[in-house]
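Residue numbers (full-length UniProt numbering): 1 to 146. All residues carry an ideal CB built from backbone N, CA and C; glycine is no exception.
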């Protein structure tokens with residue numbers, strides 16, 4: 001597994017934790033009765049060489065009920081065929097867990113078999129859009145996704 005630096009810009013007005021070269025974030029809230037679980041979704045694009053790369057997201061906030069699905073999509077341009085878009089999950093007090101990664105060249109998705117909820121996640125590439133889908137949302141999915 002690769003190790004990547006993550007920087008917490010606590011002075012950020014968005015409250016997001018930014019990965020270098022990515023300033024976009026998406027927030028997910030999962031509702032269950034009186035409890036509101038909040039997750040922050042960030043896309044980290046792991047890049048091998050410097051180029052004109054851009055990552056953007058149109059929708060910055062999601063609120064979903066248990067049992068529903070959510071699809072996060074980011075547009076990434078300027079990637080080479082050897083680049084990958086990685087999605088990670090981070091819960092407070094726990095280490096980062098890779099969820100999956102998507103090849104920019106072939107669009108193939110590889111799930112991380114070590115992730116305990118890997119059956120609930122899927123990925124897809126459509127043009128320049130890289131999508132992470134969480135099916136049948138549960139409270140256990142609340143966290144920070146990179």
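Member of the options whose CA lies at the smallest distance from the CA of residue i
| i | options | result |
| --- | --- | --- |
| residue 78 | 55, 62, 65 | 55 |
| residue 98 | 132, 105, 137, 126 | 132 |
| residue 124 | 103, 91, 96, 112 | 103 |
| residue 223 | 75, 86, 94, 106 | This structure leaves residue 223 out entirely; the chain is present only between 1 and 146. |
| residue 144 | 110, 90, 137 | 90 |
| residue 73 | 110, 117, 57 | 57 |
| residue 128 | 65, 71, 75 | 75 |
| residue 116 | 126, 71, 62, 141 | 141 |
Residue i classed as buried or exposed, judged by whether at least 16 other C-beta atoms fall within 10 angstroms
| i | result |
| --- | --- |
| residue 69 | exposed |
| residue 83 | buried |
| residue 137 | buried |
| residue 139 | exposed |
| residue 16 | Confidence in residue 16 is poor, its pLDDT being 38 and thus under 50, which makes the residue's placement too unreliable to answer from. |
Element boundaries [beta strand (DSSP E), containing residue i]
| i | result |
| --- | --- |
| residue 53 | Segment: none, residue 53 is in no beta strand (DSSP E) and carries neither H nor E. |
Rounded Cβ spacing between residue i and residue j (contact assumed at less than 8 Å)
| i | j | result |
| --- | --- | --- |
| residue 120 | residue 135 | 5 Å |
| residue 101 | residue 146 | Between residue 146 and residue 101 the Cβ distance is about 12 Å, and since that is not below 8 Å, they are no contact. |
| residue 81 | residue 105 | 3 Å |
**OP:** Return the chain-ordered ranges of every alpha helix (DSSP H) run that is complete within the UniProt domain "Ig-like" (66-146) and spans a minimum of 4 residues.
**Re:** Runs of the alpha helix (DSSP H) inside the UniProt domain "Ig-like" (66-146): none found.
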